[in-house]
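**Q** Residues 1065 to 1194 (our numbering) are what the sequence shown spells out, left to right. Yeah, the Cβ is synthetic: ideal placement off N, Cα and C, and Gly gets one too. Submitted below is the structure of interest, expressed as structure tokens.
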Amino acid sequence: MVNDPYTLVIALNSSQAAEGELYIDDGKSFEFKHGAYIHRRFVFSDGKLTSVNLAPTFPASSRFSSASVIERIILLGNAPGPKSAHIEATNLKVDVELGPLWVHRGRGSAVVTIRKPGVRIADDWTIKIL
């Protein structure tokens, strides 16, 4: 589970914005007391999803490392029209998948899915919806 991929589900508000945090540690020790954890903030605003580090800087020997990547980003309530996404950290362009999400029977909501952006959960990055 330590290096399993992540799916981010982002529920946008009426202003097409959202934010949240993710905390990860090894789940079995107390090394987090010495800085061995990942703490990220995700912000979606102006058509961009940004991941930034919230953890204080500790010596490299005490940092928690994870090879986990984000395998899917699901944007709920996104304005219609996006066709692709640009990952600024890697200068990669990926396609997005549009589709309804059936929340209640007969009612759908606009959903944008970015499949396999390939960004690491522990890195800083920005993905712009085009």
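Is the distance from the Cβ of ARG1127 to the Cβ of ASN1117 below 8 angstroms?
**A** Working through the sequence shown from its first residue, we reach residue 1127 at position 63. Working through the sequence shown from its first residue, we reach residue 1117 at position 53. No, Cβ-Cβ distance for ARG1127 and ASN1117 is not below 8 angstroms.
**Q** Considering just the uninterrupted stretch of the beta strand (DSSP E) at LYS1192, what are its terminal residues?
**A** Stepping through the sequence shown from its first residue, residue 1192 is reached at position 128. Its beta strand (DSSP E) spans residues 1189 to 1193.
**Q** What do you get for LEU1113, buried or exposed, if any count of 16 or more other CB atoms within 10 angstroms of its CB means buried?
**A** For the purposes of this step, residue 1113 is taken as the residue at position 49 of the sequence shown. Buried, because 16 or more other Cβ atoms sit within 10 Å of the Cβ of LEU1113.
**Q** Exposed or buried, what is LEU1183 when buried is set at 16 or more other beta-carbons lying within 10 Å of its beta-carbon?
**A** Along the sequence shown, read from residue 1 onward, the residue named residue 1183 stands at position 119. One detail in the question is off: residue 1183 reads as Val in this sequence, not Leu. Counting Cβ neighbours within 10 Å, VAL1183 comes out buried, since at least 16 surround it.
**Q** Going by DSSP, which residues form a beta bridge with GLU1239?
**A** Residue numbering for the chain in the displayed model covers 1065 to 1194; residue 1239 lies beyond these limits and cannot be assessed.
**Q** Please return the same chain residues whose Cβ sits closer than 8 angstroms to the Cβ of ILE1074, not counting the five positions on each side in sequence.
**A** Position 10 of the sequence shown holds residue 1074. ALA1082, GLY1084, PHE1106, PHE1108, LEU1113, ILE1137, ILE1138, LEU1139 and LEU1140, listed in sequence order.
**Q** Could you check where the beta strand (DSSP E) with LEU1086 kicks off and where it finishes?
**A** Here residue 1086 is taken as the residue at index 22 of the sequence shown, counted from 1. 1082 to 1088 is the extent of the beta strand (DSSP E) around LEU1086.
**Q** Do VAL1066 and SER1130 count as a contact pair if the criterion is CB distance below 8 angstroms?
**A** Translated into the one-based positions of the sequence shown, residue 1130 becomes position 66. Translated into the one-based positions of the sequence shown, residue 1066 becomes position 2. Going by C-beta atoms, SER1130 is nearer than 8 angstroms to VAL1066.
**Q** Between the beta-carbon of SER1132 and the beta-carbon of ILE1193, is there less than 8 angstroms?
**A** As a first step, residue 1132 is located in the sequence shown; it is residue number 68 there, counting from the start. As a first step, residue 1193 is located in the sequence shown; it is residue number 129 there, counting from the start. Going by beta carbons, SER1132 and ILE1193 fall outside the 8 angstroms limit.
**Q** Just curious, the beta strand (DSSP E) that PHE1094 is in, first and last residue?
**A** Residue mapping note: residue 1094 aligns to position 30 of the sequence shown, counting from 1. From DSSP, PHE1094 is part of no beta strand (DSSP E); its letter is neither H nor E.
**Q** Applying the criterion that 16 or more other CB atoms from any shown protein chain within 10 Å of the CB defines a buried residue, is ALA1149 buried or exposed?
**A** In the sequence shown, residue 1149 corresponds to position 85, counting from 1. ALA1149 sits buried, since 16 or more C-beta atoms from the chains shown fall within 10 Å of its C-beta.
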